[in-house]
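Those protein sequences? They're chains B and E, same order as listed. Per this note's numbering, numbering through the first sequence is continuous, rising by one, with the last residue being 344. Per this note's numbering, numbering through the second sequence is continuous, rising by one, with the last residue being 344. Ideal placement from N, C-alpha and C gives every residue a C-beta, glycine not left out. Fair warning: this is a prediction, and the values are worked out from it, not measured in the lab. For reference, the structure discussed in these notes is given below.
Protein chains: 2
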Amino acid sequence: MKGEKLPLGVAARLARYLQVLTQVRKAGRRTISSQALSEYSNVNPTQIRRDLSSFGRFGKRGVGYDVDHLISSIKEILHTSCQHNIALMGGGKLGAALANSDLFADHGFNIEAVFDVDPDKVGKSVGGRRVLHTSELADTVRDRNIIVGVLAVPPEAAQQATETLAAAGIEIIFNFSDALVESPPGITVHYMSPAGELLYALYFYLT
Amino acid sequence: MKGEKLPLGVAARLARYLQVLTQVRKAGRRTISSQALSEYSNVNPTQIRRDLSSFGRFGKRGVGYDVDHLISSIKEILHTSCQHNIALMGGGKLGAALANSDLFADHGFNIEAVFDVDPDKVGKSVGGRRVLHTSELADTVRDRNIIVGVLAVPPEAAQQATETLAAAGIEIIFNFSDALVESPPGITVHYMSPAGELLYALYFYLT
DNA sequence: TAGATTGTTAATCGATTAACAATC
DNA sequence: TAGATTGTTAATCGATTAACAATC
């Protein structure tokens, strides 16, 4: 398989492997078998081997995959070897939880700045970053070449924040608020959906 | 299609529709077309119609789907018409963000209690619920018939919290911490993965 | 050698899409 | 009627799985 666009499913699974592998490396493991990777990622081990072998021979028979090597290989395939800056909208509880977590940093995403409209929050520190007023968003997005915005605002503020992000030139929005938003054409909104996954998991538990 | 187990993909998509529809109803809309539902859920409109029509005729040609009717129909298909109690581990920023959000409540999940090991947090209020000490978990799980636990603790506490949940009789764990955990057989751990979705979305932006 | 695990095949099943008649 | 949107077909493509030889 060459430099063409990957099928949706393959890209989604590679991203998932990458996420698990990053944690596995943090835990100090050097190699991992398709079986073990399967347990963490909920993907069939045969399919994992199939996905990986279509890009090269990454594994050692009888041993498994070298974690470091696999991580850098998948990063290359996904074109995510480099650092990306993101803008976080909302300095409240959810924003603080995201800013304090290593989730983004582990994968090369740098929370460049936190934005809020609340004067009480502006100037304070959230997750080690100064909170800027939303009016500074556009300049920051331009200067720091930001294309991803994360929505961590209350539901009633989500639409306004989306429009602010769009006007500032953001192209991909991750919506962590539980509100639907209308976005201008060309801007992709991804809804983070713990409840959706809950419903899905519960269905298989109940049947 | 009858009372048998749904294919994985169908169940996942139905859960996604349900989540979008719940927000659509909140916004006051009474009907929705497969086209509009597609934009919110990122699922092809033909596939939406296909998924739904395999369970019955829910739509009106030329009009679309009745939001209320569709919500209750999907809930029946997914066996999630009733209320479920869940236990939230962690009264910190992430725990507070989850407890304050309507995400769970919107879908019939009731955060029955918040648990923490920190004596400074126990007894305080998080999202309108008193924080209980983790030692009270087992009793609460039994009394309130809880099968789902949500991990919102720091990564270094995730393994301990998982074992506590398992010992208390929890069967499904949603791990919002960015740490891999080992769980006893029979207990399913779902990893919530914003970073995974970010990587995935970015790949399609970059290619 | 013995054990473990990958890489690969083959076969089946579900997902995806375009297209369009049916019908509100 | 005219416009819109569903329900359904047909055809292709990707996902899934078991099985096993290759090989570390």
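Cβ pair count under 8 Å reaching 3, the segment 187 to 200 of chain E against the segment 270 to 290 of chain E: Contact check between the segment 187 to 200 of chain E and the segment 270 to 290 of chain E: fewer than three CB pairs, one atom from each, fall below 8 Å, which does not count as touching.
Contact set for B:H270: own chain, Cβ-Cβ below 6 Å, skip 5 residues either direction: Closer than 6 Å at the Cβ level, and outside the excluded window around B:H270, lie V259.
Tell me the rounded alpha-carbon separation between E:P144 and B:P331. Rounded to the nearest angstrom, the two C-alpha atoms are 20 Å apart.
Against chain B, does E:F192 count as a neighbour if the rule is that its beta carbon must be under 8 Å from one of theirs? In terms of beta-carbon proximity, E:F192 stays away from the interface with chain B, with every pair separated by 8 Å or more.
For B:S262, does the three-state DSSP call read helix, strand or coil? Secondary structure of B:S262 (DSSP, three-state): strand.
With DSSP as the reference, identify every bridge partner of E:R267, one or two as the case may be. Among the bridge pairs identified by DSSP, E:R267 is matched with E:S262.
In this structure, does DSSP put E:I223 in helix, strand or coil? In this structure, DSSP gives E:I223 an extended state, which the three-state scheme calls strand.
Which of helix, strand or coil DSSP assigns to B:V278: Here B:V278 sits in helix by DSSP.
Can you tell me the Cα-Cα spacing of B:G227 and B:A303, whole angstroms? Cα to Cα, B:G227 sits roughly 16 Å from B:A303.
Leaving out five residues on either side along the sequence, give the residues of the same chain with a beta carbon under 6 Å from the beta carbon of B:K261. Around B:K261: V268.
With 8 Å as the threshold, decide whether the Cβ of E:T277 is near any Cβ in chain B. No, E:T277 lies away from the interface with chain B (no Cβ there is under 8 Å from its Cβ).
Roughly how many angstroms lie between the CA atoms of E:K212 and B:R162, to the nearest whole one? If you draw a straight line from the Cα of E:K212 to the Cα of B:R162, it comes to about 40 Å.
Distance, Cα to Cα, E:H244 vs B:K197? Each residue's Cα considered, the two are about 45 Å apart.
Sort out for me which residues DSSP pairs B:T183 with in a bridge. B:T183 has no beta-bridge partner at all, per DSSP.
Please report whether the beta-carbon of E:F252 lies at a distance below 8 Å from any beta-carbon of chain B. No, E:F252 does not count as interfacial toward chain B.
Burial state of B:G232, where buried means 16 or more other Cβ atoms lie within 10 Å: It is buried - the Cβ of B:G232 has at least 16 other Cβ atoms within 10 Å.
Check this for me: beta carbons of E:M329 and B:E334, under 8 Å apart or not? Here E:M329 is near B:E334, since their CB atoms are less than 8 Å apart.
N- and C-terminal bounds of the beta strand (DSSP E) containing B:I309: I309 to N312 is the extent of the beta strand (DSSP E) around B:I309.
Could you name the residues of the same chain whose beta carbon sits closer than 8 Å to that of B:T325, not counting the 5 residues immediately before and after it, in chain order? Residues E308, I309 and I310 of the same chain have their beta carbon placed closer than 8 Å to that of B:T325, with the five preceding and five following residues left out of the count.
Would you call the segment 148 to 155 of chain E and the segment 207 to 223 of chain E in contact, with 3 or more CB pairs under 8 Å? Touching, per the Cβ criterion.
Against chain E, which members of the segment 310 to 336 of chain B pass a CB distance test of less than 9 Å? Going along the segment 310 to 336 of chain B in chain order, one finds F311, F313, S314, D315, A316, L317, T325, V326, H327, Y328, M329, S330, P331, A332, G333, E334, L335 and L336 with a Cβ nearer than 9 Å to chain E.
By a C-beta neighbour count over all protein chains shown, 10 Å radius and 16 as the cutoff for buried, is B:T344 buried or exposed? Under the 10 Å beta carbon count, B:T344 is surrounded by fewer than 16 other beta carbons and is classified as exposed.
Do we get a CB-CB distance below 8 Å when we pair B:R153 with the residues of chain E? Yes, B:R153 lies at the interface with chain E (some Cβ there is under 8 Å from its Cβ).
Hey, quick one: how far does the alpha helix (DSSP H) through E:F341 stretch, first residue to last? Looking at the DSSP string, the run of the alpha helix (DSSP H) that includes E:F341 is P331 to L343.
By the 10 Å Cβ neighbour count, where 16 or more other Cβ atoms means buried, how is E:G140 classified, buried or exposed? Since pLDDT at E:G140 reaches only 44, below the 50 mark, its modelled position is unreliable, and no value is offered.
Could one say the Cβ of B:V285 lies closer than 8 Å to chain E's Cβ atoms, at least one of them? With 8 Å as the cut-off, B:V285 counts as an interface residue toward chain E.
Once DSSP output is grouped into helix, strand and coil, what is the label at B:H327? Residue state, collapsed to three classes: strand.
For the segment 237 to 271 of chain E, list every residue whose C-beta sits within 8 Å of some C-beta in chain B, in sequence order. Within the segment 237 to 271 of chain E, the qualifying residues are N237, S238, D239, L240, F241, D243, H244 and F246.
Residue range of the beta strand (DSSP E) that B:A173 falls in? Segment S171 to S178 is the alpha helix (DSSP H) holding B:A173; no beta strand (DSSP E) there.
Comparing the C-beta of B:Q184 with each C-beta of chain E, is any distance below 8 Å? Nearest CB-CB separation between B:Q184 and chain E: not below the 8 Å threshold.
3-residue-minimum beta strand (DSSP E) runs that sit fully inside the segment 201 to 260 of chain B, ordered along the chain: Secondary structure in the segment 201 to 260 of chain B: the beta strand (DSSP E) runs of 3 residues or longer, each lying completely within the stretch, are 201 to 203, 221 to 226 and 246 to 253 in chain order.
Cβ neighbours of E:Q296 in the same chain (closer than 8 Å, five flanking residues each side left out): Excluding residues within five positions, the ones whose Cβ falls inside 8 Å are A316, V318 and E319.
What residues from chain B crowd round E:Q160, counting only those whose CB sits closer than 8 Å? Result: D315, A316 and L317.
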